[in-house]
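Add 355 to the 1-based position in the sequence shown for my numbering, that's all there is to it.
Even for Gly, the Cβ is constructed at its ideal location relative to N, Cα and C.
Worksheet for the structure shown next.
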Amino acid sequence: MYTFEERMERYLQLDPAFQHLYSSVESAAFNARLIEMYDIQDFGPFIDAIGDVILGFYRKSELSKLLTQTVGLSEEVVARMLPEIDTFLRPIPGTLSKMEVLQQERGSESVVRQPLEGIATPAYTPQAVEVSPIPPTPPPATAPHTPTPAAKEVVVPRQPAAAPKERLAFWPDGTPKQPPRTVPPPQSPNTDTARPLTRNELMASLSPRRTMAEDVARAQHTTQQDS
């Protein structure tokens, strides 16, 4: 793993778009959500592994190895979180390890063509592997047609007419008698009318842990003190 100074030196050399991906509020919320979802106890190396891929210390295809060997996550957990990490790291060139695809294909069977006699063929070529065709599904058996009985006529009884509304009473001078108008009670000045937090703001407020953005802020503060 790399030191804090090495990471900050590489961060200053990044494109602004990659700097935003490394130190934005969205990245902190993304890391916090995965840490909570998969109950990652040693979250420091997990954050460093994703950050080092953004910084360019490792290729995206090496992230699966980092998460299993350095962070200590199981292959099953890594395979489950890879699609989400792939979406988050989409601006980074390259592709993630296809571990989840390999695990899905472990149980599949393949048919290998036998080489013809007298013709030398290599031990394995992509053309030598052929997936067995899936047999066609027989059409479902049609049930005998049963005539639908005619629907019976339903007679709905008529509802009685509504009672006439009560006429408005008047005072002797011709002024209508109106009920007293209710005035809503005044709202308390302490009523909380603030807008609800967004998902990113909520995740960031729930994560007191160290984030990659805090690393950048700490480096900038140190640089200002040195100058």
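Residue i - containing alpha helix (DSSP H), residue span
i: Thr425; result: Neither: Thr425 is in no alpha helix (DSSP H) and is coded neither H nor E.
i: Pro400; result: Phe398 to Leu410
i: Gln374; result: Pro371 to Ser378
i: Thr442; result: Glu430 to Phe443
i: Leu451; result: Neither: Leu451 is in no alpha helix (DSSP H) and is coded neither H nor E.
i: Met363; result: Phe359 to Leu367
Burial state of residue i, where buried means 16 or more other Cβ atoms lie within 10 Å
i: Arg362; result: buried
i: Asp407; result: buried
i: Ser382; result: buried
i: Ala372; result: exposed
Beta-carbon contacts of residue i that lie in its chain and below 7 Å, excluding the five residues immediately before and after
i: Met436; result: Leu389 and Tyr393
i: Leu457; result: Model confidence at Leu457 stands at a pLDDT of 41, short of 50, so the residue's coordinates are unreliable; what they give is reported in the following sentence. If we look at Leu457 and ignore the five residues flanking it on each side, it has no Cβ neighbours.
i: Thr450; result: Lys415 and Ser416
i: Ser429; result: none
i: Tyr357; result: Asp407 and Phe412
Same chain, Cβ closer than 6 Å to residue i, neighbours up to 5 away in sequence not counted
i: Leu367; result: none
i: Asp397; result: none
i: Phe401; result: Ile395 and Val426
i: Phe443; result: Phe385
Top-ranked residue by Cα proximity to residue i, from the options
i: Ile405; options: Glu430, Ser429 and Leu376; result: Leu376
i: Leu369; options: Lys420, Pro446 and Arg513; result: Pro446
i: Glu360; options: Leu410, Arg513, Pro448 and Gln424; result: Leu410
i: Val326; options: Lys420, Thr442 and Phe443; result: Since the first residue of the chain shown is 356 and the last is 582, residue 326 is not available in this structure.
i: Pro448; options: Glu364, Leu422, Tyr413 and Gln424; result: Tyr413
Cβ-heavy atom distance, residue i to the ligand HEM, below 7 Å
i: Ser379; result: You won't find the ligand HEM in this model; it holds no ligand whatsoever.
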